[in-house]
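Below is one structure, written out as structure tokens; the observations come after it.
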Amino acid sequence: MVESHGPVRPLCQAQVGDSTGDRMTHWTLESIPWDKFDRSKVDPELVKVVKAASMVEANGADYGAYLCAVFADDPEFQQAAREWSMEEVQHGKALARWAKLADPSFDFDAAFKRFSDGVKIETWRTASIRGSRSGELVARCIVETGTSSYYSAMSDATDEPVLKEVCSHIAADEFRHYKLFYEYLKGYLAKERVGPLRRFFVALSRITESEDDELAYAYYAANHADETYERRRFVKAYFRRGFAFYRRQHLERSVGMALKAVGLKPNGRLNAMITGIAGRWLRFRIAQLTRAGA
Ligand SMILES: [Fe+2]
Ligand SMILES: [Fe+2]
0 MVESHGPVRP LCQAQVGDST GDRMTHWTLE SIPWDKFDRS KVDPELVKVV
50 KAASMVEANG ADYGAYLCAV FADDPEFQQA AREWSMEEVQ HGKALARWAK
100 LADPSFDFDA AFKRFSDGVK IETWRTASIR GSRSGELVAR CIVETGTSSY
150 YSAMSDATDE PVLKEVCSHI AADEFRHYKL FYEYLKGYLA KERVGPLRRF
200 FVALSRITES EDDELAYAYY AANHADETYE RRRFVKAYFR RGFAFYRRQH
250 LERSVGMALK AVGLKPNGRL NAMITGIAGR WLRFRIAQLT RAGA
């Protein structure tokens, strides 16, 4: 069993529903040219991470419910969170559909059941696990920073035309989600006493969770159903495949968005320094995991 960093379930589950959510986004599952799928351009390693990502995205309805509970007296934000969660669910559906094209044996429903059975969900939360609403919104900005760069990097890395298009749509959505949470963050910072240092530590803790169990468990549930879950093994396996396609521009943009979320200048020397260190560390880590056969 693993513990999800994004609690979940009750409240506005009914409103979240199962819609593909086309109110904010400009694309739908029907607008994707699935018939252009080119099997010869599929990277089997990438298929594994797409399957894992489809499940984490599909959990968006639960995250939306959690946000509605945390922001219980803010109906405007609740509505935004519902629409946001519908878009996340749509991301999951699009990625799952592509994964099924690439690997017809992929059974999303069975894999998602394994994933949701294994991830311990904190359904009882009514206050943010980040200590404040501003903290919650900083964490949301960091997640959207991660996802927007992740799908941009994936879109740039693949030559498969359908996955390229799906990922570029998702990356644009994730960037818009970042802006959405950042706008609400500004409002809540004016009401709550959350200093830059606290924001920095929330961001740091959320960044370090990126190598955490939820992604690793999703990777396991999608790709190694008949084996036993070993946390360290699957964290490494996911990391090697999920971050191998990051390039400097993706890191630089992520660092800028994260710096902005904690109230620092997004571009400039600090960004260049962090991007340089992160890039070297990432290359070293990927090479190390590849040598070890992770
Ligand atoms: Fe998403
Ligand atoms: Fe998002």
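One point on numbering: in numbering that gives the first Met the number 0, the residue at position 49 of the sequence shown is 48, and numbering is uninterrupted.
All residues carry an ideal CB built from backbone N, CA and C; glycine is no exception.
Model, not experiment: these values are computed from the prediction.
- When DSSP states are grouped into helix, strand and coil, V118 belongs to the strand group.
- Here DSSP, grouped into helix, strand and coil, assigns E159 to coil.
- Rounded to the nearest whole angstrom, the CA to CA distance from A110 to R192 is 42 Å.
- Excluding its 5 nearest sequence neighbours in each direction, A101 has C-beta neighbours in its own chain below 7 Å: V41, V46, listed in chain order.
- The alpha-carbon of F283 is positioned some 11 Å away from that of A243.
- The beta carbon of A52 sits closer than 6 Å to the beta carbons of L94 from its chain, once the five residues preceding and following it are set aside; these are given in chain order.
- In the structure shown, the three-state DSSP call for T27 is coil.
- Between L258 and L269, the CB-CB gap stays under 8 Å.
- Out of C67, G292, A171, the CA that lies nearest to the CA of E135 is found in C67.
- Cβ neighbours of W97 within its own chain (closer than 7 Å, five residues either side excluded): V49, V161, L162, V165.
- In this structure, the C-beta of I141 stays at least 7 Å away from each heavy atom of ligand 1.
- The C-alpha of R252 is placed about 27 Å away from the C-alpha of S127.
- Sequence-distant partners of Y237 (beyond 5 residues in either direction) whose C-beta falls short of 6 Å from its own C-beta, in its chain, are L214, A215, Y218.
- In this structure, F174 is the residue among G130, T157, F174, A138 with its C-alpha nearest to the C-alpha of T146.
- For W280, the uninterrupted alpha helix (DSSP H) run begins and ends at 268-290, by DSSP.
- Counted as a single uninterrupted DSSP element, the alpha helix (DSSP H) harbouring A79 occupies residues 74-101.
- Proximity annotation: ligand 1 has residues E56, E87, H90, T146, I169, E173 in chain order, each selected because its CB is closer than 6 Å to a heavy atom of the ligand.
- Taking 7 Å as the cut-off, the C-beta of H25 does not count as close to any heavy atom of ligand 2.
- Taken in chain order, the complete alpha helix (DSSP H) segments of 4 or more residues contained in the region 175-263 are 195-207, 212-222, 230-241, 247-260.
- Membership of D61 in the alpha helix (DSSP H) is indicated by the continuous run 59-69.
- Here the region 176-193 makes no contact with the region 55-66; the two share fewer than three CB pairs at distances below 8 Å.
- The Cβ atoms of D172 and H90 sit closer than 8 Å to each other.
- Its chain contains E173, H176, Y177 as the residues whose beta carbon lies nearer than 6 Å to that of E143, once the 5 sequence neighbours on both sides are disregarded; these appear in chain order.
- The beta carbons of F70 and R132 sit closer together than 8 Å.
- Within the same chain, W26 come within 7 Å of H168 by CB-CB distance, once the 5 residues on both sides are set aside.
- In this structure, H176 has its beta carbon less than 7 Å from a heavy atom of ligand 2.
- Inter-residue distance for K264 and Y150 is about 24 Å (C-alpha atoms, whole angstroms).
- Counting only the Cα atoms, S84 lies some 10 Å from Q78.
- For D108, the closest alpha carbon among the candidates V55, G292, G194 is that of V55.
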